[in-house]
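Undergrad: This structure is in structure tokens; I'll ask about it shortly.
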Amino acid sequence: MNDFDDVFASESDDALAAKARSGNRVAFEHLCTRYLPTVYHRLRMKLPPGAVDDVTQEVFLAATRSIRNFRGDASFGTWILRIAQHKVADYYRGDGRIPESVPLDVVLEHPGASDDGWRDAIVVQAALERLPEHYQVILLLRFAEGLPFNTIAQRLGISLDAAKSRYRRAVAAIAETLRME
Numbered sequence: 003m004n005d006f007d008d009v010f011a012s013e014s015d016d017a018l019a020a021k022a023r024s025g026n027r028v029a030f031e032h033l034c035t036r037y038l039p040t041v042y043h044r045l046r047m048k049l050p051p052g053a054v055d056d057v058t059q060e061v062f063l064a065a066t067r068s069i070r071n072f073r074g075d076a077s078f079g080t081w082i083l084r085i086a087q088h089k090v091a092d093y094y095r096g097d098g099r100i101p102e103s104v105p106l107d108v109v110l111e112h113p114g115a116s117d118d119g120w121r122d123a124i125v126v127q128a129a130l131e132r133l134p135e136h137y138q139v140i141l142l143l144r145f146a147e148g149l150p151f152n153t154i155a156q157r158l159g160i161s162l163d164a165a166k167s168r169y170r171r172a173v174a175a176i177a178e179t180l181r182m183e
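According to my numbering, the sequence shown is numbered sequentially starting from 3.
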């Protein structure tokens, strides 16, 4: 990274996304670098190991092609994770890997599902997916990436207090969702 690139390192996601939307390639590259671990981790939870790298690449190629259409209604993190979600769906629809839908109770009761913690992982993943995107993002940044709150706040373009508050609400929401399971 050169000194010019360092200018972007301290900018919020919103500021970088606005610049990227206007065609600033370096700003877009910074966003992609920031979100690569988040996207990769999300895909690792949802895909077989051999597919993660390819689908990650597809996510960022799709983001590159459509960044000018990013409206900013949601955060960049929410937007790129939505692209990832669509690419996961595309992966599973392709080549007849699984039928269009499989009832969750069938997956949970699959013999051996509790081996290796699969059943718990599936239940937590299902609960996470029922949360609003902004809660999903903050939980992934905190748990999956282990980021401190000040970094999370910077990435999301919110204050430190807002990041902590959103995190507490997200934890309460997923706990409530899991209690209902």
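Quick reminder that beta carbons are idealized off the backbone N, C-alpha and C, glycines included.
#1: Does the pairing of the region 132-143 with the region 40-60 give three or more beta-carbon distances under 8 Å?
#2: Using 8 Å as the Cβ pair cut-off and three pairs as the minimum, do the region 74-87 and the region 147-167 touch?
#3: Please return the same chain residues whose Cβ sits closer than 6 Å to the Cβ of serine 68, not counting the five positions on each side in sequence.
#4: Note down, in chain order, each residue of its chain lying with its Cβ closer than 8 Å to the Cβ of valine 90, except the 5 sequence neighbours on either side.
#5: How would you label aspartate 15, buried or exposed, when you count the other beta carbons within 10 angstroms and need 16 or more for buried?
#6: Identify whether alanine 76 lies in helix, strand or coil by the three-state DSSP scheme.
#7: Beta carbon of glutamate 147, beta carbon of proline 39: below 8 Å?
#8: Is it true that the CB of alanine 53 sits closer than 8 Å to the CB of tyrosine 93?
#9: Does DSSP classify leucine 149 as helix, strand or coil?
TA: Quick look at the numbers:
#1: As far as the Cβ criterion goes, the region 132-143 touches the region 40-60, which means the pair count is three or higher.
#2: yes
#3: By 1-based counting over the sequence shown, the position of residue 68 is 66. So the list is empty, once near-sequence residues are dropped.
#4: Taking the sequence shown and counting its residues from 1, one reaches residue 90 at position 88. Once the five neighbours on either side are set aside, the close Cβ partners of valine 90 are Leu45, Lys48, Leu49, Val57.
#5: Indexing the sequence shown from 1 puts residue 15 at position 13. Aspartate 15 is buried by the Cβ-count criterion.
#6: Residue numbering aside, residue 76 sits at position 74 when the sequence shown is read from its first letter. Alanine 76 falls in the coil class under three-state DSSP.
#7: Numbered from its first residue, the sequence shown carries residue 147 at position 145. Numbered from its first residue, the sequence shown carries residue 39 at position 37. Cβ atoms of glutamate 147 and proline 39: closer than 8 Å.
#8: Taking the sequence shown and counting its residues from 1, the one referred to as residue 93 is at position 91. Taking the sequence shown and counting its residues from 1, the one referred to as residue 53 is at position 51. Contact flag set, yes.
#9: Translated into the one-based positions of the sequence shown, residue 149 becomes position 147. In the structure shown, leucine 149 sits in coil (DSSP, three-state: anything other than H, G, I, E or B).
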